[in-house]
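Residue numbers (full-length UniProt numbering): 1 to 335.
Input: a single structure, listed below in structure tokens.
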């Protein structure tokens, strides 16, 4: 049984951004410029800010393409287009500093907090659908510093290296495992230097590693210097099971908080725990910092719903927009 989950690169859109934000439920309204209304460093970054809704997203473009010819389907895709989601960065960015700066500048100007994913670890995805990443340790160190320069002193939340800990012992030699953990510790330190970035180290999902195993890996990856950890990125495990799993890990880590990806978990996982474009899945609860639990910083859409997990189950290659799969997610979403 394959418990692995896969994540997909976000290709930076070339279309100009317009400002569109959704206030978090418990937040006041920022002034529209800068991040003065955002929470102080070290606090939960989400309640006091807003998350950015990308008007140039694949989902938004699909809504416009179907508006006249397929209005009912366009209305379904609107369920995706209207929600704030993350922005992914990796080896597809020719100038990661410039690309991150461009995104964060627009988001910061709107008075929102940037939700970014760093996805460039060497031996990424063990050579599977999302294979790639930095060529070596020193290349990754240079990349993470370039990524951090793009953020600068502005507020951001960073999901650090999906899959890196879940796959730690799947394809790496003992020496490579130690190297990966050292790279993650270095990334936590580099990203935390400004005091404005909240780092969440990816911790897989509740169907993967046992809580004690993942807690130990998080400790070795530098969780002490991070805000917390992220769960269920690009997977389908229910929110309830993810939260229960996160609490078990948190107990082993002196109460570290966490975030949960709810983008596609509305129907939970398949019985076979398929991770690559499984049929019958649905959008999960919308992004929100109103979780009702002090250990859960936010429910987020870290995976971009509608982007393929890879060339499997009829899907295009990893990261490509798949409108019919997106439509199915939206149609099956609970009201």
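Even glycine gets a Cβ: it sits at the ideal position worked out from N, Cα and C.
No experiment lies behind these values; they were computed from the predicted model shown.
Coil, strand or helix - residue i by DSSP
i: residue 300; result: strand
i: residue 335; result: coil
i: residue 58; result: helix
i: residue 113; result: strand
i: residue 399; result: With the chain covering 1 to 335 only, the question about residue 399 has no answer from this structure.
i: residue 230; result: strand
i: residue 325; result: helix
i: residue 196; result: coil
i: residue 63; result: helix
i: residue 293; result: coil
i: residue 188; result: helix
i: residue 311; result: coil
i: residue 53; result: coil
i: residue 160; result: strand
i: residue 92; result: coil
i: residue 288; result: strand
i: residue 145; result: helix
i: residue 151; result: helix
i: residue 221; result: coil
i: residue 204; result: coil
i: residue 132; result: strand
Whole-Å CB distance - residue i paired with residue j, under 8 Å assumed
i: residue 309; j: residue 277; result: 5 Å
i: residue 52; j: residue 107; result: 4 Å
i: residue 281; j: residue 329; result: 6 Å
i: residue 89; j: residue 101; result: Not really, about 11 Å apart at Cβ, beyond 8 Å.
i: residue 332; j: residue 305; result: In fact, because the Cβ distance is near 11 Å, the residues do not count as touching under 8 Å.
i: residue 153; j: residue 105; result: Incorrect: roughly 12 Å between the Cβ atoms, too far for contact.
i: residue 151; j: residue 197; result: 6 Å
i: residue 72; j: residue 63; result: About 12 Å separates the two Cβ atoms, so there is no contact after all.
i: residue 229; j: residue 258; result: 5 Å
Closest residue to residue i among the options (Cα-Cα distance)
i: residue 167; options: 158, 157 and 178; result: 178
i: residue 256; options: 284, 118 and 297; result: 297
i: residue 67; options: 78, 134 and 303; result: 78
i: residue 113; options: 230, 171, 238 and 158; result: 158
i: residue 260; options: 180, 272, 122 and 239; result: 239
i: residue 130; options: 163, 288, 192 and 301; result: 163
i: residue 320; options: 59, 207, 300 and 42; result: 59
i: residue 149; options: 225, 192 and 174; result: 192
i: residue 250; options: 293, 288, 170 and 262; result: 293
i: residue 48; options: 237, 171 and 289; result: 289
i: residue 185; options: 165, 54 and 315; result: 165
i: residue 301; options: 62, 245 and 87; result: 87
i: residue 135; options: 120, 57, 283 and 55; result: 120
i: residue 334; options: 295, 285, 324 and 325; result: 285
i: residue 336; options: 181, 221, 133 and 324; result: Shown here, the chain extends from 1 to 335; a query on residue 336 therefore has no answer.
i: residue 221; options: 205, 242 and 189; result: 189
Exposed unless 16 or more other CB atoms sit within 10 angstroms - verdict on residue i
i: residue 313; result: exposed
i: residue 50; result: buried
i: residue 303; result: buried
i: residue 25; result: With a pLDDT of only 32 at residue 25, under the threshold of 50, the placement of this residue in the model should not be trusted, and no figure is reported.
i: residue 127; result: exposed
i: residue 269; result: buried
i: residue 279; result: exposed
i: residue 207; result: buried
i: residue 187; result: buried
i: residue 42; result: exposed
i: residue 317; result: exposed
i: residue 173; result: exposed
C-beta neighbour in chain D for residue i, strict 8 Å
i: residue 319; result: No chain D appears in the structure shown, which is made up of a single protein chain.
contact_flag[the region 216-224, the region 189-205] where n(CB pairs < 8 Å) is 3 or more: yes
Any 3 or more C-beta pairs closer than 8 Å across the region 110-125 and the region 150-165: yes
Cβ contact (3+ pairs, closer than 8 Å) linking the region 128-144 and the region 206-213: no
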